[in-house]
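In the working numbering, the protein residues as written are 1253 to 1408.
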């Protein structure tokens, strides 16, 4: 209690409640969103050393009927990645994914695998700020095909 009999808690809460009711925060009015841009996508990551010498393999990733293709990279690079961009309104879908790794030298298929990608909701600028994107990531493994990227060591 203060000297005039007003409860101290009331004195402390009134400014906080007034700020909250008027849309202000302790960080200032309407704390700004960051401006990170992102897109919905399914990605595959791999260690280039897993697929031989410099650009020793062609990596092809398809989601539904949309495909992207890239090279395996330099063996001394810690990792490489390839993504297929998805429509902005894809939502919480489960989509078919196909991976094909082909030897650049012989043209033979080294890895061929398919899986279903369950998309996860992401908010790169925070939950109350746009955009909302939907993503899934796999690892391209030379023996197992499409696997989880968990535990992928990015150095040899």
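Each residue gets a CB set at the ideal place from its N, CA and C atoms; glycine is no exception. Source: prediction; values computed, not measured.
Residue interval of the beta strand (DSSP E) (run including residue i)
i            : result
residue 1321 : 1318-1323
residue 1389 : 1385-1393
residue 1361 : 1361-1370
residue 1351 : 1346-1355
Contact under 8 Å by Cβ, residue i with residue j
i            : j            : result
residue 1323 : residue 1302 : no
residue 1333 : residue 1366 : no
residue 1338 : residue 1368 : no
residue 1342 : residue 1353 : no
Local conformation of residue i per DSSP, three classes
i            : result
residue 1331 : coil
residue 1290 : coil
residue 1396 : coil
residue 1300 : helix
residue 1306 : coil
residue 1404 : coil
residue 1313 : strand
Cβ neighbour criterion (16 or more within 10 Å) applied to residue i
i            : result
residue 1305 : exposed
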